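Protein chains in written order, with my numbering: chain A, 1 to 128; chain B, 129 to 256. In what follows, a structure is listed as structure tokens, so that the remarks can point back to it.
There are 2 protein chains.
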Amino acid sequence: MEAPAEVDVCAKWSETLRVYHNTSCELESELQARHALGLSEFEVLLILTRNCSGHTSKAKMKDIEAEMYLSQSALSRTVTRLEKAGLITRAVCDFDRRANFLMLTPAGEARFNEAKTTHRAVLLKHLG
Amino acid sequence: MEAPAEVDVCAKWSETLRVYHNTSCELESELQARHALGLSEFEVLLILTRNCSGHTSKAKMKDIEAEMYLSQSALSRTVTRLEKAGLITRAVCDFDRRANFLMLTPAGEARFNEAKTTHRAVLLKHLG
DNA sequence: TCAACTTACATGCACGTGCATTTGATGTCA
DNA sequence: TGACATCAAATGCACGTGCATGTAAGTTGA
Numbered sequence: 001m002e003a004p005a006e007v008d009v010c011a012k013w014s015e016t017l018r019v020y021h022n023t024s025c026e027l028e029s030e031l032q033a034r035h036a037l038g039l040s041e042f043e044v045l046l047i048l049t050r051n052c053s054g055h056t057s058k059a060k061m062k063d064i065e066a067e068m069y070l071s072q073s074a075l076s077r078t079v080t081r082l083e084k085a086g087l088i089t090r091a092v093c094d095f096d097r098r099a100n101f102l103m104l105t106p107a108g109e110a111r112f113n114e115a116k117t118t119h120r121a122v123l124l125k126h127l128g
Numbered sequence: 129m130e131a132p133a134e135v136d137v138c139a140k141w142s143e144t145l146r147v148y149h150n151t152s153c154e155l156e157s158e159l160q161a162r163h164a165l166g167l168s169e170f171e172v173l174l175i176l177t178r179n180c181s182g183h184t185s186k187a188k189m190k191d192i193e194a195e196m197y198l199s200q201s202a203l204s205r206t207v208t209r210l211e212k213a214g215l216i217t218r219a220v221c222d223f224d225r226r227a228n229f230l231m232l233t234p235a236g237e238a239r240f241n242e243a244k245t246t247h248r249a250v251l252l253k254h255l256g
């Protein structure tokens with residue numbers, strides 16, 4: 001009835017769903033319980049640390065949006081939450097006053113470094 | 129600095145995120161645009177057709193919940209939407225009046241059969 | 001038989017998301 | 001210049017979700 005390739009594709013999708021669901025749920029609850037961070041908040045910090053190495057702080061919202069699976073509006077609100085929590089700062093760009101430069105605060109750096117170990121542990125558990 | 133296994137785990141997670149996001153977004157929008165179905169609604173129909181083969185209609189809410197990555201409350205509301213759309217019916221079980229038997233209507237069966245080809249095409253595109 | 005517990009499902013509520021729109025700044029071209 | 005398109009980001013809104021709780025039906029044990 002069904003070509004074998006299609007059966008494989010369904011099985012592959014089921015497996016992807018399973019792994020994604022289990023991993024992201026545990027990431028979400030562990031990061032929330034241990035570090036008061038949502039998963040998307042953590043991911044913004046993660047990208048920020050990669051793009052800000054050496055304190056050049058080049059990370060604009062648009063740069064982060066391009067690296068994340070999050071809409072522009074959702075990112076905007078996630079950044080607002082992180083700012084209210086004192087973990088990042090928004091600075092207006094001098095050369096393009098439409099754009100925001102995002103920068104980790106010392107508190108944000110500390111929080112991220114703690115959370116990083118939790119994140120790594122959960123990934124190892126589910127994907128290792 | 130980092131053990132190679134951990135780098136692999138991060139890359140694996142990125143890849144899982146990418147595949148999951150791209151596939152589920154396209155499933156969602158295609159199913160919605162072509163068949164007026166959400167992804168979780170489609171998945172309920174999918175499980176229902178598997179469990180109801182030969183019109184035995186044994187599918188209770190709890191059975192479906194066990195096969196899906198959806199909370200009990202979300203499933204309850206998804207079933208309500210499907211019922212309002214005339215695609216399934218709820219019948220009270222004679223032996224346990226707490227439980228619902230779910231059954232596809234002819235309209236639900238037709239809608240599902242149309243949507244199935246869209247679903248299969250999207251999966252093949254992303255996972256084939 | 002009755003009180004306490006458990007189960008199946010529904011519902012109130014808060015929250016994060018995407019879409020559409022708005023606001024304000026930056027090109028662009030006549 | 002000035003009118004118009006484009007862009008970055010914020011915001012109003014509707015929606016689906018999970019958590020906690022409610023409701024009604026079934027189960028257990030003394």
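Using N, Cα and C, we set each Cβ at its ideal position, and we do this for glycine too. Predicted model only: the values in this text are computed from it and were never measured.
Interface flag, residue i vs chain B, CB-CB below 8 Å
{"i": "residue 10 of chain A", "result": "yes"}
{"i": "residue 123 of chain A", "result": "yes"}
{"i": "residue 23 of chain A", "result": "yes"}
{"i": "residue 26 of chain A", "result": "no"}
For residue i, the first and last residue of its enclosing beta strand (DSSP E)
{"i": "residue 229 of chain B", "result": "228-232"}
{"i": "residue 91 of chain A", "result": "88-92"}
Residue i to residue j span [Cα, whole Å]
{"i": "residue 122 of chain A", "j": "residue 223 of chain B", "result": "43 Å"}
{"i": "residue 204 of chain B", "j": "residue 79 of chain A", "result": "33 Å"}
{"i": "residue 48 of chain A", "j": "residue 171 of chain B", "result": "36 Å"}
{"i": "residue 219 of chain B", "j": "residue 231 of chain B", "result": "8 Å"}
{"i": "residue 178 of chain B", "j": "residue 85 of chain A", "result": "48 Å"}
{"i": "residue 106 of chain A", "j": "residue 226 of chain B", "result": "55 Å"}
{"i": "residue 102 of chain B", "j": "residue 161 of chain B", "result": "It is not possible to answer for residue 102 of chain B, since the shown part of chain B is limited to 129 through 256."}
{"i": "residue 154 of chain A", "j": "residue 146 of chain B", "result": "Because chain A is modelled from 1 through 128, residue 154 of chain A falls outside the range shown and cannot be assessed."}
{"i": "residue 37 of chain A", "j": "residue 83 of chain A", "result": "13 Å"}
{"i": "residue 70 of chain A", "j": "residue 64 of chain A", "result": "9 Å"}
{"i": "residue 140 of chain B", "j": "residue 72 of chain A", "result": "25 Å"}
{"i": "residue 154 of chain B", "j": "residue 215 of chain B", "result": "23 Å"}
Sub-8 Å separation of residue i and residue j beta-carbons
{"i": "residue 119 of chain A", "j": "residue 22 of chain A", "result": "no"}
{"i": "residue 35 of chain A", "j": "residue 115 of chain A", "result": "yes"}
{"i": "residue 173 of chain B", "j": "residue 167 of chain B", "result": "no"}
{"i": "residue 137 of chain B", "j": "residue 128 of chain A", "result": "yes"}
{"i": "residue 156 of chain B", "j": "residue 209 of chain B", "result": "no"}
{"i": "residue 68 of chain A", "j": "residue 100 of chain A", "result": "no"}
{"i": "residue 245 of chain B", "j": "residue 20 of chain A", "result": "no"}
Start-to-end residues for the alpha helix (DSSP H) that takes in residue i
{"i": "residue 81 of chain A", "result": "72-84"}
{"i": "residue 225 of chain B", "result": "Looking at the DSSP string, residue 225 of chain B is not in any alpha helix (DSSP H), and its letter there is neither H nor E."}
{"i": "residue 164 of chain B", "result": "That residue, residue 164 of chain B, is in no alpha helix (DSSP H); it is neither H nor E in DSSP."}
{"i": "residue 190 of chain B", "result": "189-195"}
8 Å Cβ cut-off: residues of chain B touching residue i
{"i": "residue 141 of chain A", "result": "One cannot answer for residue 141 of chain A here, as it falls past the ends of chain A, which runs 1 to 128."}
is_contact[residue i, chain A] using C-beta, thresh 8 Å
{"i": "residue 245 of chain B", "result": "no"}
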